[in-house]
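Note that the sequence shown ends on residue 939 in my numbering; no numbers are left out.
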Amino acid sequence: MPISLKDFLEELPEGERAAIKARADEMAAEELGLAQLRALLRRSQVGMAREMGVRQSEVSKIERRSDMLVSTLRKYVEAAGGSLELVVRLPDHPALRLNFGKAARSRPRPTGTRVIGRRPARPRRPHA
Numbered sequence: 812m813p814i815s816l817k818d819f820l821e822e823l824p825e826g827e828r829a830a831i832k833a834r835a836d837e838m839a840a841e842e843l844g845l846a847q848l849r850a851l852l853r854r855s856q857v858g859m860a861r862e863m864g865v866r867q868s869e870v871s872k873i874e875r876r877s878d879m880l881v882s883t884l885r886k887y888v889e890a891a892g893g894s895l896e897l898v899v900r901l902p903d904h905p906a907l908r909l910n911f912g913k914a915a916r917s918r919p920r921p922t923g924t925r926v927i928g929r930r931p932a933r934p935r936r937p938h939a
């Protein structure tokens, strides 16, 4: 006769039930959506909008999107008081933090290199 998950868990020793619950909570926390993140922090859409400099309706749209610009996500996370890090996991390599945006552009390029498709800056003429 089949047994329900609830009944199965109730038959386990207390330590095992606690470990299962802790892992389930961990896994749930790893899968937060933006609205759940905001709720976890006890922030309102209005408060987030104020921090981001947008209307509340824009925060609602951001929270419903499944695809967005990284800059939008960064702005949302920073408005929540956090910082955004993107980690790349490749087979046979350690985890790598992806660096782009302001931080990536601010690093000097090696001498003699330039961005393809951009002309070198012309020297400015002195004003008369």
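Ideal placement from N, C-alpha and C gives every residue a C-beta, glycine not left out.
For Met-863, the nearest candidate out of Gly-892, Asp-878 and Tyr-887 (CA to CA): Considering only alpha carbons, the answer is Tyr-887.
Straight-line Cα distance separating Glu-837 from Ile-873: Going by the C-alpha atoms only, they are around 25 Å apart.
Inter-residue spacing [alpha-carbon to alpha-carbon] between Pro-902 and Arg-861: Here the alpha carbon of Pro-902 sits roughly 41 Å from the alpha carbon of Arg-861.
Local Cβ density within 10 Å of Arg-870, reported as buried at 16 or more and exposed below that: The residue you asked about is not Arg; residue 870 is Val in the sequence shown. Around the CB of Val-870, 16 or more other CB atoms lie within 10 Å, so the residue is classed as buried.
Helix, strand or coil at Leu-880 [DSSP, three-state]: If DSSP states are grouped into helix, strand and coil, Leu-880 belongs with coil.
Beta-carbon contacts of Leu-845 that lie in its chain and below 7 Å, excluding the five residues immediately before and after: Result list for Leu-845: Ile-873, Glu-874 and Tyr-887, in chain order.
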